Each structure stands twice: as C-alpha cells, then as structure tokens.
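The sequence shown begins at 1432 in the working numbering and counts up one residue at a time.
We put the beta carbon where it would ideally sit given N, CA and C, even for glycine.
Here the structure is a predicted model, which means the values were calculated and not measured.
For reference, the structure discussed in these notes is given below.
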Amino acid sequence: MSFPPASRSRARIAIVSDTHMPKGERRIPARALELMAASETTVHAGDISTLRILRELEELGPPVHAVHGNVDEPALVDLLPAERRFFCFGKVIVVVHDAGPARGRIERLRARYPEADAVVFGHSHIPLHERAGKFQIFNPGSPTERRRAPQRSLGLLSLEAGELRFEHVWLGVSQPAVASG
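Below, the structure written as structure tokens:
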C-alpha cells in the first residue's frame, strides 16, 4: 500500500490511537475530527474498540488504515491486521499497536523492522516521538483518554525537506461537555 500519491508531497496524514469508544459519554474532540477529515488519510494504531466506530471514522471521508489493538472487539480483530507496512512519501512506515516496554524500545523496533523509516504505535496513551539517526518512532497518544499523559492528543505526518515530519496536536486535559437533550 502506498499513499499519498507522489504528486501530493505536501499532503498531511492524521495519526490516532486508543480511541476506546464507545465508553460512557466519551467523544472524539471536534478538533481531532476536523484534522482527520482534512487529511489525505488517517492511520489508526489500534484500540478503536468497535466496528461501528471504525465505520464512523471512515465516514469522515479520507481512508482509514488501521491495526487492531488489545481491547478491540472480535469483529475488528478479524478485520484488521496486527501490523501494517506501507509506503508514505516514498518512505516505509510500520504500524503496530503495542511496541513493548519503554526501555530499549527504539533499538528493539529498529532491529525488528530494519526496512522501516518509522514505526507508529499506540497502547500506552503516552505521546512520544524519538529518533535514532534517520529512524523514528511515534506514538500519537489518545484523543479521548489521556491516562498518564499531560493532555489528550493525536499526530500529524507530513514530508519536510525529504524527511518524515511527525508532530503532536494537543487537545487539552478534559473531555468537552456533552450536551443533554
């Protein structure tokens, strides 16, 4: 799989993980939905939770390329792979849900995926971006459940000067109020 088209070197890709929905009154923040809808595609690093939520994300317009996580319902586990490899801006990106323990993570992932320019993962809900030479690892955090992270977040990926550029978009600490009607 390859995206965006080579002619779209200025395209932006949304990266999300750990949406864990539905759960109570939890919602994906409007800002996150806007960024996903405006992106070339959305990459989801697992723990969507239900097939219905995956379909809702797909209805935003851009294609959704996802892996399953450790709490996804059986229908998602059957539908989605545990790992994806794709070409993006001419670079190889691997997406997994759980990248293992923090200690030695970047070295372990570089050894496990020697062909990759970057590995995107989720599971911890903790936003992270690390580099080792030209190899990068990126966890977008969660747009809905920050846990031990300072804020809820998602990621954006673009190409800058021929290199993959990952960035976090901070969505605040608390969930927006849900109107009752």
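Neighbourhood of residue i by C-beta distance below 7 Å, restricted to the same chain and skipping five residues each side
{"i": "S1555", "result": "N1570"}
{"i": "Q1582", "result": "W1601, L1602, G1603 and V1604"}
{"i": "L1511", "result": "A1497, V1498 and H1499"}
Three-state secondary structure (DSSP) of residue i
{"i": "A1547", "result": "coil"}
{"i": "E1489", "result": "helix"}
{"i": "A1542", "result": "helix"}
{"i": "I1446", "result": "strand"}
Cutoff 6 Å; reference residue i; Cβ partners in own chain excluding five residues on either side
{"i": "G1500", "result": "G1477, D1478 and H1528"}
{"i": "E1489", "result": "V1495"}
{"i": "L1485", "result": "I1479"}
{"i": "E1504", "result": "T1481"}
Same chain, Cβ closer than 8 Å to residue i, five either side skipped, listed in chain order
{"i": "G1492", "result": "A1468"}
{"i": "D1548", "result": "K1522, V1523, I1524, K1565, F1566, Q1567 and L1595"}
Residue i vs residue j beta-carbon contact at 8 Å
{"i": "L1540", "j": "V1550", "result": "yes"}
{"i": "L1595", "j": "F1518", "result": "no"}
{"i": "V1502", "j": "E1514", "result": "no"}
{"i": "I1444", "j": "T1472", "result": "yes"}
{"i": "H1475", "j": "V1508", "result": "no"}
{"i": "H1592", "j": "I1557", "result": "It is worth fixing the name first, because residue 1592 is Ala in this sequence and not His. Taking 8 Å as the Cβ cut-off, A1592 and I1557 do not qualify as a contacting pair."}
Continuous beta strand (DSSP E) stretch holding residue i: start and end
{"i": "L1587", "result": "S1584 to E1591"}
{"i": "E1471", "result": "Looking at the DSSP string, E1471 is not in any beta strand (DSSP E), and its letter there is neither H nor E."}
Whole-angstrom C-beta distance between residue j and residue i, which should lie under 8 Å
{"i": "H1599", "j": "S1584", "result": "5 Å"}
{"i": "I1537", "j": "A1497", "result": "The Cβ separation is near 23 Å, so there is no contact."}
Continuous alpha helix (DSSP H) stretch holding residue i: start and end
{"i": "V1508", "result": "P1505 to L1510"}
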